[in-house]
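*Asks:* Have a look at the structure that comes next, please.
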Amino acid sequence: ARVLVLHGPNLNMLGEREPAIYGADTLQSINEGLQALAEASSCSLAALQSNAEAELIDAVQAARGSGTEFIIINPAAFTHTSIALRDALAATQLPFVEVHLSNVHAREPFRHHSYFSDLATGVICGLGALGYEAALHFALHYLKSHSP
Ligand code: DQA
2 ARVLVLHGPN
12 LNMLGEREPA
22 IYGADTLQSI
32 NEGLQALAEA
42 SSCSLAALQS
52 NAEAELIDAV
62 QAARGSGTEF
72 IIINPAAFTH
82 TSIALRDALA
92 ATQLPFVEVH
102 LSNVHAREPF
112 RHHSYFSDLA
122 TGVICGLGAL
132 GYEAALHFAL
142 HYLKSHSP
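Take 2 as the starting number for the sequence shown in the UniProt record's numbering and just add one per residue.
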């Protein structure tokens, strides 16, 4: 896939998980919306959700050799904890956008720091599921303007 979408821990519970904060959309409906958008632009997209840090790191490592050109990632709670996942993204040198459904800056102080934001091409938070779509629009634009 040219675009890889990675969803971190507990995002498999979207729709039922604190809907006042994270919205009513399920992960499946978010992924389907992204898939439709990608197909309309003849872009291949793969999505993976994992509750396991190691699985996300493995997916990032594998991305480089597999033709992936852009990553959209919501690291979820790993945003605030994972130097290892950050290092994996740094190692691949692939451009990525960090997405959060909620406005992390309007929440608890421990959510204000991200191990990813300074490496990211861009950061989106607080736009709910629309944030993923915005990130994909950006990725498609980016790939168009950076393709040979
Ligand atoms: C989140 C924000 C994180 O602080 C939280 O741990 C999540 C989801 C978001 O999308 O708003 O699991 O990344």
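Backbone N, C-alpha and C fix where the C-beta goes; we use that ideal spot for every residue, glycine too.
Out of A48, R65, T27 and H113, which has the shortest C-alpha to C-alpha gap to F79?
*Replies:* When each option's Cα is compared against that of F79, the closest is H113.
*Asks:* Confirm, please, whether the CB-CB distance from P96 to Y143 is below 8 Å.
*Replies:* Closer than 8 Å, so yes.
*Asks:* Anything with a beta carbon under 6 Å from a heavy atom of the ligand DQA counts; list them all in chain order.
*Replies:* Going along the chain, the residues that qualify are N11, N75, A77, A78, T80, H101, L102, S103, V105 and R112.
*Asks:* Tell me whether S67 is buried or exposed, calling it buried when 16 or more other Cβ atoms sit within 10 Å of its Cβ.
*Replies:* Burial call: exposed.
*Asks:* In three-state terms, what does DSSP make of F111?
*Replies:* It is helical.
*Asks:* Give me, in chain order, the residues of the same chain whose beta-carbon lies closer than 7 Å to that of Q50; leave out the 5 immediate sequence neighbours on both sides.
*Replies:* The residues are H8, L12, N13 and L28.
*Asks:* Closer than 6 Å by C-beta to H147: which residues in its own chain qualify, once you throw out the five before and the five after it? Chain order, please.
*Replies:* Answer for H147: no residue qualifies.
*Asks:* Where does E99 fall in DSSP's three states?
*Replies:* Strand.
*Asks:* Considering only C-alpha positions, which residue in the set F117, A91, A53 and T122 is nearest to H81?
*Replies:* Of F117, A91, A53 and T122, the residue nearest in Cα terms is F117.
*Asks:* Have a look at D59, A63, V4 and L141 and flag the residue whose alpha-carbon is nearest the alpha-carbon of E70.
*Replies:* Closest by alpha carbon: V4.
*Asks:* Would you say the beta carbon of E33 comes nearer than 7 Å to a heavy atom of the ligand ADP?
*Replies:* The ligand ADP is not part of the structure shown, which contains the ligand DQA as its ligands.
*Asks:* Label residue 184 either buried or exposed according to how many other C-beta atoms from any shown protein chain fall within 10 Å of its C-beta, with 16 as the threshold for buried.
*Replies:* Residue 184 lies beyond the residue range present for the chain, which begins at 2 and ends at 149; the question has no answer from this structure.
*Asks:* Under 8 Å Cβ to Cβ from A85, same chain only, skipping five residues before and after it: list those, please.
*Replies:* Excluding residues within five positions, the ones whose Cβ falls inside 8 Å are E54 and I58.
*Asks:* Could you tell me which residues DSSP puts in a beta bridge with L49?
*Replies:* Bridge partners of L49: L7.
*Asks:* Give the secondary structure of G24 by DSSP, where H, G and I count as helix, E and B as strand, and everything else as coil.
*Replies:* Coil, per DSSP.
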